[in-house]
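Notes follow once the structure below has been shown.
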């Protein structure tokens, strides 16, 4: 880990009636880092995201972002503090054009139509949607919708961005493009926390990986270390590894 | 042609650079001028001039409703309350203080706006149909209060504004002057909607209508934006109520709070014209108000309430087949035509 923590989650707990979705999880993300969060379905990854962005409130624990406790702030204030996010199920605002979707984000820092328009143009060019700017967002393809999600978050001019499975359903070429986009933005100092199932992507983008299982953190480290950790293999890849072993026998 | 289709629905244009606001306002001013056509056609028939004047007034009122109901997606059926507050306030200020209605409209709008915020604070926690039902209930509660608050509203007898024709009194002998007045009101609300649609507030209202979680993640204070939208919508509705009071000059609770004639009608006009579109309320009102009057005249004599049955069927069909109203359907056809022809 490099530098002082940018985002720090300390003993975060989220209980739903009778179920502990996130169980005393602590981790930190440094400025300029790309950290991946992996784990089987239902491990609590998206819940963890929702706790960081304020879509859900903490049952216990604290979250510190850039030296400020943000655990009790409503989601729109956390967006103002510099946390952008995408949703696992891409939610384009379908009555708006692609550009207007991005402008909704850009209006966070300006009330001027012209300024927001320009910001949207820049961001759309960044994610490669400039030719689709005036199309109703409902007409975008899955891959375009995913990029629009990223674009709307980028328009907030965030300090940190949380990507929730932005690669799901994309083909290899599209995945490569998004990886390049993440690396380019990271090169400019943007910090990332990424939920990802595609392990190639995890290896490609992240220096550090956090593994959740049944709401608890079971491992943390470099991609190579974590992915060879027997506990992780058991929890996350267990079945398939067993099956493979069985086949070899 | 694409410019027309796109500006009709969302005021955007293909091509580079944002379209100047002045250009958009001019474009809609053109559409508004076109809506003067019905008035010109019936110029020397006072009965129809009257109906056209009503149509413009209700176009303006529906456009005001459309700000929170259409763009904001908060399906209020309680706008009759703000309408009534505007009507009573203008009548009282005019009769008791001798204030000219031209000025009385402002405090009336302000009062409607304040009441709207107070009412909406708790009800905005409700979503979808529950919000609609709650606002309808508030409308009925205020109906009862207006009946009892004798000293303010004249109770069930209502308030009678004596006929003293003068420009200062906003009372005219010629019907066409009312039509010009209500046309002015409608134009003001529509042009305001154009400005709003382009503004940050307009984008935020549309965003929260589409998805509140996404809106919050984009830094939008959802409750605050809803309240601001409601305050603007209610203020304009109150102003329309004030004009209505000076127009009919007899206002009583059944006239101001009747759901099918006021609260629901704003929504109905927008729905048929095109909910969340800028010109939808104008198109809807110019269609519904004359048709309703015609049906009331022809069917009402034969089958009591017959016109309501026909209107109900029209509304059902609009809800089933015209999701974005007449304006939405029209722009969809134009778009298809254009895309079909373009290589």
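Residue numbers (this note's numbering), protein chains in the order written: chain G, 6 to 254; chain L, 1439 to 1781. A virtual CB, placed ideally from N, CA and C, is assigned to each residue, including glycine. This structure is a prediction, so every number in the text was calculated from the model and none was measured.
- Contact of residue 164 (chain G) with chain L is not assigned, every C-beta pair being separated by 7 Å or more.
- DSSP, reduced to helix, strand and coil, places residue 107 (chain G) within a helical segment of the structure shown.
- Per DSSP, the beta-bridge partners of residue 89 (chain G) are G:166.
- Check the Cα spacing between residue 1534 (chain L) and each of L:1589, L:1719, L:1612, L:1574: the tightest is with L:1589.
- Residue state for residue 79 (chain G) is assigned as coil, using DSSP reduced to three classes.
- Looking at G:167, G:234, G:89, the one whose alpha-carbon comes closest to that of residue 1656 (chain L) is G:89.
- Rounded to the nearest angstrom, the gap between the Cα atoms of residue 1469 (chain L) and residue 1456 (chain L) is 21 Å.
- Along the stretch 1692-1724 of chain L, going in chain order, the ones with a CB nearer than 8 Å to a CB of chain G are 1714.
- Interface flag for residue 62 (chain G) against chain L is unset, since no Cβ pair is found closer than 7 Å.
- By the CB criterion at 7 Å, residue 22 (chain G) and residue 66 (chain G) fall outside the cutoff.
- When CB distances to chain G are screened at a threshold of 9 Å, the residues of the stretch 1459-1485 of chain L falling below it are 1459, in chain order.
- For residue 1458 (chain L), the three-state secondary structure derived from DSSP is coil.
- Taking the Cα of residue 91 (chain G) as reference, the smallest distance to any Cα among G:197, G:154, G:212, G:134 is reached at G:154.
- Every alpha helix (DSSP H) of 4 residues or more that sits fully in the stretch 1606-1694 of chain L is shown, in chain order, as 1613-1636, 1638-1648, 1650-1655, 1660-1686.
- Straight-line measurement puts the Cα of residue 170 (chain G) at about 21 Å from the Cα of residue 144 (chain G).
- Taking the Cα of residue 1608 (chain L) as reference, the smallest distance to any Cα among L:1745, L:1550, L:1683, L:1750 is reached at L:1683.
- Here residue 1741 (chain L) is exposed. Its C-beta has fewer than 16 other C-beta atoms within 10 Å.
- Here DSSP, grouped into helix, strand and coil, assigns residue 1742 (chain L) to coil.
- Contact note: residue 85 (chain G) reaches chain L through 1657, using a C-beta cutoff of 7 Å and chain order.
- By the criterion of at least three beta-carbon pairs nearer than 8 Å, the stretch 1691-1709 of chain L is in contact with the stretch 1493-1512 of chain L.
- If you ignore the 5 residues before and after residue 113 (chain G), its C-beta comes within less than 8 Å of the C-beta of 84, 85, 160, 161, 162, all in its own chain and listed in chain order.
- Here the alpha carbons of residue 186 (chain G) and residue 1496 (chain L) stand approximately 51 Å from one another.
- Using a Cβ distance threshold of 7 Å, residue 12 (chain G) and residue 70 (chain G) count as a contacting pair.
- Distances from the alpha-carbon of residue 1597 (chain L) to those of L:1552, L:1525, L:1618, L:1714 put L:1525 closest.
- Listed in chain order, the non-local C-beta contacts of residue 1667 (chain L) below 8 Å within the same chain comprise 1505, 1506, 1509, 1510, 1512, 1639, 1643, local neighbours out to five positions each way being set aside.
- For the stretch 1520-1545 of chain L, the set of residues with a beta-carbon nearer than 9 Å to any beta-carbon of chain G is empty.
- The three-state secondary structure of residue 66 (chain G), taken from DSSP, is strand.
- Following the DSSP letters along the chain, one finds residue 10 (chain G) inside the beta strand (DSSP E) bounded by residues 10-21.
- Taking a beta-carbon distance threshold of 7 Å, residue 1652 (chain L) counts as an interface residue toward chain G.
- By the neighbour-count criterion, in which 16 or more other beta carbons inside 10 Å mark a residue as buried, residue 1492 (chain L) falls on the buried side.
- Taking a 10 Å sphere around the C-beta of residue 19 (chain G), we find 16 or more other C-beta atoms and assign the residue as buried.
- Nearest Cα to residue 34 (chain G) within the set G:179, G:99, G:57: G:57.
- By the Cβ rule, the stretch 1546-1556 of chain L does not count as touching the stretch 1608-1627 of chain L, because fewer than three pairs are nearer than 8 Å.
- Taking C-beta separations shorter than 7 Å and ignoring five residues to either side along the sequence, the partners of residue 1661 (chain L) in its chain run 1562, following chain order.
- Put simply, the stretch 1760-1769 of chain L does not touch the stretch 1732-1749 of chain L. Fewer than three CB pairs are less than 8 Å apart.
- Contact annotation for residue 1586 (chain L) against chain G: no contact, minimum CB-CB distance about 40 Å [criterion: below 8 Å].
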